[in-house]
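In case it helps, the working numbering puts the sequence shown at residues 341 to 561.
Okay, so here's the structure we're looking at.
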Amino acid sequence: MALRQAVDWSLYVVTDAGFSRGRSHVAVIEAAIAGGATVVQYREKQAPTRQMVAEAQVLRELTRRTGVPLIVNDRLDVALAVDADGVHLGQDDMPAALARRLIGPDKILGISVNTLAEAVQAVQDGADYLGVGPIFATPTKPDAAPPIGVDGLRLIRQHVSLPIVAIGGINATNASEVMAAGPDGIAVVSAVVAAEDIAVAAQELRAMVNASRQRREAASD
């Protein structure tokens, strides 16, 4: 329970072997954490289960050493096998309420949502945080729902108190605009994973998130 309440959602980095320039997941994530990533999601759509468990286990050891939560995308079995901190599910994956029963009360449960109705349902089903998007069109997920834009993000933020991580086409050119809509952080794939210098890319995005949060706090005083 303590972990679920203490997560810093500022910069949530998602793995993608197709964008990592041949670098291993652990090399990418090690550099991303060095640059300021606060949450890591292991996302692997193509590998066999045995390979996924092996890769996730190495990431589990890295994230434990560095104190960064590890979330596994889609595969609840892999998340449980490596004792990940949580699992992230889409609208076509295992129902959130069932996943919550299987992972128990202390693991983190994230749900992808594209509409306010999906967000409200995810809250009712026991989600700990929401991945809201896609905000913009993104090449990393061709089957994604239509972009909801910053206005769609703002609408969900106004009605949901759970932590929100904005995702979908976010990079250094638009991160500040996205953060102005009120999410707790941003989730990125290619903006970090595909960068020539992963640590520098992460550092730049983290700085933007921190600056946006400071502006928000100053405006509310």
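Ideal placement from N, C-alpha and C gives every residue a C-beta, glycine not left out.
query	result
If distances are taken between C-alpha atoms only, which option among Gln498, Asn454, His499 and Arg404 comes closest to Ala477?	Asn454
For Arg390, is the classification buried or exposed, using 16 other Cβ atoms within 10 angstroms of its Cβ as the cut-off for buried?	exposed
Would you identify the three-state DSSP class for Gln386, choosing helix, strand or coil?	coil
Taking 8 Å as the threshold, find out whether the region 440–448 comes into contact with the region 488–498 through three or more Cβ pairs.	no
Between Ala371 and Ala421, what straight-line distance do the alpha-carbon atoms span, to the nearest angstrom?	25 Å
Could I get the ranges of all uninterrupted alpha helix (DSSP H) runs contained in the region 359–409, with 4 residues as the minimum, in chain order?	365–375 and 389–406
Which runs of the alpha helix (DSSP H), 4 residues or longer, sit entirely within the region 474–505?	489–499
Can you tell me whether DSSP reads Ile443 as helix, strand or coil?	helix
Taking all protein chains shown into account, do 16 or more other C-beta atoms lie within 10 angstroms of the C-beta of Asp425, making it buried, or fewer, making it exposed?	buried
Contact between the region 343–359 and the region 524–535: three or more CB pairs below 8 Å?	yes
Using the C-alpha atoms, what's the distance from Lys447 back to Asn550?	26 Å
Among Gly430, Asp414, Leu429 and Ala520, which one has its Cα closest to the Cα of Glu384?	Asp414
Measure the alpha-carbon distance for Ile369 versus Gly376 and round it to whole angstroms.	10 Å
On the DSSP bridge assignment, give the partners of Ser452 in chain order.	Gly471
Quick one, are the C-beta atoms of Gly473 and Ala515 less than 8 Å apart?	no
According to DSSP, simplified to helix, strand and coil, what is Glu557?	helix
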